[in-house]
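Engineer: Numbers in the numbering used here are just positions in the sequence shown, counted from 1, shifted up by 7.
A virtual CB, placed ideally from N, CA and C, is assigned to each residue, including glycine.
Being a predicted model, the structure only gives us computed values, none of them experimental.
Let me begin by handing over the structure; questions about it come next.
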Amino acid sequence: MPGLSEEDVDPDPISQFLSWYEYAPGDAVALVTASPQGLPSGRVVLLKGVDKSGFVFFTNYGSPKARDLAANPRAALLFFWPPDRQVRVSGWVAKVGRAESERYWRTRPRPSQLSAWASRQSEVIESRAVLEERIVELEGRFPDEVPCPPFWGGYRLIPTSVEFWHHREDRLHDRLLYERTQEGWALKRLSPLHPRLDPRTTPAPGPPGHCQNRPEPRVKVRQS
Ligand SMILES: Cc1cc2nc3c(=O)[nH]c(=O)nc-3n(C[C@H](O)[C@H](O)[C@H](O)COP(=O)(O)O)c2cc1C
């Protein structure tokens with residue numbers, strides 16, 4: 008299986024990303040944010056745009072992820088494209104301009120637009136019926152065009168580092184890391200596995216009976 012070589016990858020990580028993204032099975036990506044206290048939080052979003060300026064996704068500006076980003080405008084994106092590719096991106100996040108959010112909003116189907124209005128994302132609701140009643144109300148409120156809610160829009164993650172991981176035989180995986188510098192992008196090769204963390208060679212440190220890196224023994228359940 009061909010891997011990744013410094014000679015073959017594009018000097019620009021976004022171009023390299025696009026050459027992989029063309030073959031990606033979908034546009035779902037894990038977005039990881041952190042609260043001001045450093046509490047990490049991950050969830051899946053849909054990648055709706057990627058170009059030289061960064062990676063764009065859309066969400067509710069009142070959601071927990073938006074609160075994290077307001078306080079700590081840094082985030083990571085994690086793509087896993089089975090069976091053999093992973094891309095890790097990290098960088099700074101900024102809201103996209105209103106016009107860009109509204110442009111994308113207009114491409115969304117009406118039911119998705121109404122759902123965005125109906126949902127106070129991640130707040131507890133009494134029941135599904137409450138949500139469905141809101142949709143009926145909103146149908147009446149917006150009989151024609153549904154405007155873009157002021158509490159909804161996009162974010163752009165502007166990458167400072169992008170790592171491409173490609174599976175290779177015997178865990179000698181390829182990992183190429185692009186890091187943003189004053190001059191442009193610096194490319195480095197990363198080791199796939201620290202020898203001390205290789206479960207084949209070294210037992211993991213940890214409390215007695217606990218092993219982080221070896222597979223857990225299969226638990227036998229006694230039938231009484
Ligand atoms: C496949 C998939 C795609 C999703 N896409 C989005 C999205 O584009 N934007 C969004 O706000 N939430 C999306 N979600 C829901 C989020 O994972 C999450 O439940 C929601 O954004 C609330 O996150 P928060 O409470 O951390 O803010 C998606 C979930 C899945 C499983």
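With a cut-off of 8 Å on the beta carbons, I'd call residue 56 and residue 63 a contact; round off their distance for me.
Structural biologist: Right, the Cβ-Cβ distance comes to about 4 Å (below 8 Å), so this counts as a contact.
Engineer: Quick check on the DSSP output: the beta strand (DSSP E) that includes residue 153 runs from which residue to which?
Structural biologist: Per DSSP, residue 153 belongs to no beta strand (DSSP E) and is neither H nor E.
Engineer: Check this for me: beta carbons of residue 197 and residue 184, under 7 Å apart or not?
Structural biologist: Yes, the Cβ-Cβ distance between residue 197 and residue 184 is below 7 Å.
Engineer: Let me know if residue 132 comes out buried or exposed under the rule of 16 or more other beta-carbons within 10 Å of its beta-carbon.
Structural biologist: Exposed, since its Cβ has fewer than 16 Cβ neighbours within 10 Å.
Engineer: Can you look up residue 137 in the DSSP assignment and give me helix, strand or coil?
Structural biologist: Helix.
Engineer: Under 7 Å Cβ to Cβ from residue 180, same chain only, skipping five residues before and after it: list those, please.
Structural biologist: Only 172, 173, 174 and 199 meet the Cβ criterion.
Engineer: Going along the chain, which unbroken runs of the alpha helix (DSSP H) with 4 or more residues stay wholly within the stretch 28 to 57?
Structural biologist: Within the stretch 28 to 57, no complete alpha helix (DSSP H) run reaches 4 residues.
Engineer: Between which two residues does the beta strand (DSSP E) harbouring residue 75 extend?
Structural biologist: Unbroken run through residue 75 is the alpha helix (DSSP H), 71 to 78; no beta strand (DSSP E).
Engineer: Given 8 Å as the limit, is there contact between the stretch 39 to 58 and the stretch 137 to 154, that is, 3 or more CB pairs closer than that?
Structural biologist: They do not touch, by the three-pair rule.
Engineer: Within 10 Å of its beta-carbon, does residue 114 have 16 or more other beta-carbons around it, so buried, or fewer, so exposed?
Structural biologist: The residue is exposed, with fewer than 16 neighbouring Cβ atoms inside 10 Å.
Engineer: Any residues whose CB sits closer than 5 Å to a heavy atom of ligand 1? List them in chain order?
Structural biologist: Taken from the N-terminal end onward, the list reads 35, 50, 51, 52, 53, 66, 70, 71, 72 and 129.
Engineer: Helix, strand or coil, according to DSSP, for residue 191 in the structure here?
Structural biologist: Residue 191 falls in the coil class under three-state DSSP.
Engineer: Going by DSSP, name the residue or residues bridged to residue 200.
Structural biologist: Answer by DSSP bridge pairing: none, since residue 200 is not bridged.
Engineer: Can you tell me whether residue 81 is helix, strand or coil according to DSSP?
Structural biologist: Strand, per DSSP.
Engineer: Can you tell me where the alpha helix (DSSP H) holding residue 164 begins and where it ends?
Structural biologist: Unbroken run through residue 164 is the beta strand (DSSP E), 159 to 173; no alpha helix (DSSP H).
Engineer: When we look at the beta-carbon of residue 123 and count the other beta-carbons within 10 Å, is it buried (16 or more) or exposed?
Structural biologist: By the neighbour-count rule (16 or more Cβ atoms within 10 Å), residue 123 is buried.
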